[in-house]
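J.: In terms of our numbering, the sequence shown opens at residue 858 and continues consecutively.
Here a beta-carbon is modelled for each residue, glycine too, at the ideal position from N, C-alpha and C.
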Amino acid sequence: MEAKITLLRGDGVGPEVIAEARKVLEGVASVFGHTFTFSEALIGGIAIDETGNPLPDETIAMCRASEAVLLGAVGGPKWSDPMAPVRPEQGLLGIRKALGLFANLRPVKVHPALLEASPLKVDRLKGVDMLVMRELTGGIYFGGTGREAHESGELAFDRMAYTTLEIERIVRCAALAARMRRNKVTSVDKANVLEVSRLWRSTVDRVMAAEFPDVELEHILVDAAAMFLIQKPASFDVMVTGNMFGDILTDEASVLAGSMGMLPSASLGEGGMGLYEPIHGSAPDIAGQGIANPTGTILSAAMLLRHSLNLEAEAAAVELAVNSAITEGVRTIDIADGGASVNTCEMGDAVVARLSK
């Protein structure tokens, strides 16, 4: 198979973890006889520095000409002024919108060898295997913002809005995923307060009853969901929620896996195109030190193989190689729990070495 893959290295540790994911993809190509062509484009802070734009037109064009996109991270102290008119995060939101990527898949699974790496009690972590389906191009992040004069000084606002169509399509994605797993969907909203959430809940009920009566459905308010993620995380199968709620809850869920560096994500649209990235940020405090955990990015590459290239065996091989490395004690410092650790490059090498096995 031949495929074009665009790499968006971004900022902070982004270039470091992308290098390891590319190494693994090259290993997959070698072992399975594929040809992957890689191109690089700018996004985020580095794009601002070089072009003045966090998402240059050239980047969008290159991504659209590819089968898939692999992204590192954006942002950092250099561009952190919240009052700046141009910010790295605009590039991240913009590429999702430009590519029509409305469904963000974030699997959360606890590796048995890393139970002690989480601050939670071990008995609460056993059996944790969930998929968070986050709506990605609607909600408060895309609803429009503004400021106006107020008697106290200023009034600022961010508009949260969802259409029926936006809710319907993400719910269908969640239900279809649940049918391939344990057949349960948990919808998270704030319907006791927000009108947007009341539309969300009624739409979920209608779609599930009409199209997925075989799939178990439960509704949970977002504050309760945050509590249950810690109290009984193994009770979740597929969780579906809006943009902001999903953003917050998946960062919380990363604690279950022991480190944000462990978790991958896939952002998908109507076609086969997808953008794949670890859920962590640019981690500027450790950038350039060679200690970032590339596992989330490598597992994002596995999701790329599965969802955009339809290479299930290859995706499973990458996941198995990661699991084998961790089981055999190969750990970056964030999951070493005080024991011996390897650097970023050595973690990637360990995964590649196990691909052929």
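Can you have a look at residue 1189 and say buried or exposed, based on whether 16 or more other CB atoms are within 10 angstroms of its CB?
T.: It is buried - the Cβ of residue 1189 has at least 16 other Cβ atoms within 10 Å.
J.: Taking residue 1091 and residue 984 to be in contact with their CB atoms under 8 Å, please state how far apart those CB atoms are, rounded to whole angstroms.
T.: Confirmed, Cβ separation roughly 4 Å.
J.: For residue 1199 and residue 1148, what's the separation of their Cα atoms in angstroms?
T.: So the alpha carbons of these two residues sit roughly 8 Å apart.
J.: Could you tell me how far apart the beta carbons of residue 1064 and residue 1098 are, in whole angstroms, since I believe they sit closer than 8 Å?
T.: Not really, about 15 Å apart at Cβ, beyond 8 Å.
J.: Closest to residue 961 by CA distance: which of 925, 1184, 1027, 1033 is it?
T.: Nearest option by C-alpha distance: 1027.
J.: Hey, residue 891 and residue 859: beta-carbon distance below 9 Å or not?
T.: For residue 891 and residue 859, yes; Cβs fall inside 9 Å.
J.: Can you tell me the Cα-Cα spacing of residue 1131 and residue 1124, whole angstroms?
T.: Using only the alpha carbons, I get a separation of about 6 Å.
J.: Using the Cβ count rule (16 or more neighbours within 10 Å means buried), how would you classify residue 1164?
T.: Buried, since its Cβ has 16 or more Cβ neighbours within 10 Å.
J.: DSSP has residue 1121 in a bridge; who is on the other side?
T.: The partner list for residue 1121 (beta bridge, DSSP) reads 1135.
J.: Taking 9 Å as the cut-off, decide whether the C-beta atoms of residue 1139 and residue 868 are in contact.
T.: Going by C-beta atoms, residue 1139 is nearer than 9 Å to residue 868.
J.: In chain order, which beta strand (DSSP E) runs of at least 3 residues are fully inside the segment 865 to 930?
T.: Runs found: 892 to 898, 925 to 930.
J.: Within the continuous alpha helix (DSSP H) that includes residue 1109, where are the two ends?
T.: Per DSSP, residue 1109 belongs to the alpha helix (DSSP H) from 1100 to 1114.
J.: Name, in chain order, the residues that DSSP records as bridge partners for residue 1097.
T.: According to DSSP, which records beta bridges pairwise, residue 1097 is partnered with 990, 1044.
J.: Return helix, strand or coil for residue 1015, following the three-state DSSP convention.
T.: Correct three-state label for residue 1015: strand.
J.: With 16 other CB atoms within 10 Å as the buried threshold, where does residue 1134 fall?
T.: So residue 1134 counts as buried.
J.: Return yes when the Cβ of residue 1209 is within less than 9 Å of the Cβ of residue 1178, no when it is not.
T.: Cβ distance < 9 Å, so residue 1178 and residue 1209 count as in contact.
J.: Is the Cβ-Cβ distance between residue 883 and residue 1155 less than 9 Å?
T.: For residue 883 and residue 1155, no; Cβs fall outside 9 Å.
J.: Quick check for students: name the residue ranges of the alpha helix (DSSP H) that lie wholly in the segment 932 to 1004, counting only runs of 4 or more.
T.: Runs found: 945 to 955, 979 to 982.
J.: Between the segment 1046 to 1058 and the segment 1004 to 1015, can you find at least three pairs of beta-carbon atoms closer than 8 Å?
T.: They do not touch, by the three-pair rule.
J.: Can you give me the Cβ contacts of residue 1019 inside the same chain, cut-off strictly under 8 Å, excluding the 5 residues immediately before and after it?
T.: Around residue 1019: 992, 995, 996, 1053, 1056, 1057, 1099.
J.: Between residue 1057 and the ligand FAD, is there a pair consisting of the residue's CB and a ligand heavy atom that are separated by less than 8 Å?
T.: By its list of ligands, the structure shown contains no ligand whatsoever, and the ligand FAD lies outside what it can speak to.
J.: Exposed or buried, which one is residue 1003 when buried takes at least 16 other CB atoms within 10 Å?
T.: Exposed: under 16 other Cβ atoms inside 10 Å.
J.: Give the straight-line distance between the Cα atoms of residue 958 and residue 863, rounded to the nearest whole angstrom.
T.: Using only the alpha carbons, I get a separation of about 16 Å.
J.: Roughly how many angstroms lie between the CA atoms of residue 1088 and residue 913, to the nearest whole one?
T.: Rounded to the nearest angstrom, the two C-alpha atoms are 44 Å apart.
J.: When the Cα of residue 929 is compared with those of 943, 1076, 866, 918, which residue comes out closest?
T.: Residue 929 has its Cα closest to that of 866, out of 943, 1076, 866, 918.
J.: Can you grab the Cα-Cα spacing for the pair residue 1186 / residue 1036, in whole Å?
T.: Taking the straight line from one Cα to the other gives about 34 Å.
J.: Going along the chain, which residues of its own chain have a beta-carbon closer than 6 Å to the beta-carbon of residue 1172, five neighbours each way excluded?
T.: Once the five neighbours on either side are set aside, the close Cβ partners of residue 1172 are 1159, 1162, 1163.
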